[in-house]
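What follows is a short report on a single structure.
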Ligand code: NAP
């Protein structure tokens, strides 16, 4: 069997088209145009590239952007000050603070200080809490929300499926498990203390690999026909590689390319969340 592709680039394009259309319709009827404020502390080239890409994605669908660059020696207090200013700025719909921030910054304090409605990454505890409780109104974090959209829009049935998520971080694994549960999957969450990882992964109709460990999931650990989502961005010989070992594509029914699977979906969900933040704020 050769797995069908869970094509993140194609599904992301669909989402950009939908958001672009929603923005034009909104502004045509006199509604406000969403605006994304990005904040980058320091000059790390990879982070700067990510921010520029996110800004370009936003502008491509008619979302305005503003770009705040702070020096690498910025203090937590200075970043908090900018965060409060952006919270109060009526023209700003959503705030993205690019991570990782320099070590001296207490990101927990900064994230807690965000207006939850403008928290486009869904990291604020109010948003995380709403998602954990299964209540409406929370901002879904971009990578987990992107994984769900990729599965659903590709025709993978989540309801009733055995879903196994490898990795329990607050950024990826845990919220992905919660969103799968919300869609009525039966969810198992694995981590470094899991006994016999393979025994769990082999039961998975949907397997999400988010451990950040190269070749962790060998093909013998995958149930034939499973939908396999490789979230991780490990590097091997200068190339991006995920958690999957060779040959998984011969066993899986569906598979994300890596790159080209979850990464494009994460950025698309950021743009969708920006639009939705404006709708939530102003109707
Ligand atoms: P993280 O904070 O390092 O968490 C890794 C998780 O994997 C932990 O829960 C850890 O378990 C678990 N784990 C590690 N080794 C394991 C093993 N041998 N067996 C079972 N579980 C194991 O990483 P993260 O932030 O969640 O990110 C995960 C990966 O996704 C990284 O490669 C990251 O670069 C990538 N990522 C990609 C995107 C994207 O858009 N494509 C977005 C975000 C992250 P413990 O909790 O027990 O330590």
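Numbering (my numbering), first residue to last: 32 to 314.
C-beta atoms are modelled at their ideal positions from N, C-alpha and C, and glycine is treated no differently.
Secondary structure at residue i, three-state DSSP: helix, strand or coil?
i	result
residue 98	strand
residue 244	coil
residue 140	helix
residue 271	strand
residue 258	strand
residue 48	helix
residue 299	helix
residue 215	coil
residue 289	coil
Anyone know if the C-beta pair for residue i and residue j falls short of 8 angstroms?
i	j	result
residue 215	residue 191	yes
residue 258	residue 237	yes
residue 173	residue 196	no
residue 141	residue 117	no
residue 299	residue 43	yes
residue 253	residue 279	yes
residue 84	residue 181	no
residue 187	residue 285	yes
residue 203	residue 151	no
residue 82	residue 303	no
residue 274	residue 247	yes
residue 198	residue 39	no
Buried or exposed for residue i, going by 16 or more other Cβ atoms inside 10 Å?
i	result
residue 201	exposed
residue 241	buried
residue 156	exposed
residue 89	buried
residue 277	exposed
residue 77	exposed
residue 45	exposed
By Cβ distance, which residues of its chain are closer than 7 angstroms to residue i, with the 5 residues on each side in sequence left out?
i	result
residue 212	218
Whose C-beta lies closer than 6 angstroms to the C-beta of residue i among residues of the same chain, with five residues either side of it excluded?
i	result
residue 58	64
residue 169	158, 161 and 162
residue 229	252
residue 147	155, 157 and 158
residue 231	195, 219 and 221
residue 179	210
Verify the contact flag: residue i, CB atom, against every heavy atom of the ligand ATP, threshold strictly below 7 angstroms.
i	result
residue 246	No copy of the ligand ATP occurs in the structure displayed; its ligands are the ligand NAP alone.
For the stretch 70-77 and the stretch 126-142, state whether three or more C-beta atom pairs, one from each stretch, are separated by less than 8 angstroms. Yes, since at least three Cβ pairs between the stretch 70-77 and the stretch 126-142 fall closer than 8 angstroms, the two stretches touch.
Hey, is the stretch 300-309 in contact with the stretch 121-128, meaning 3+ C-beta pairs nearer than 8 angstroms? yes
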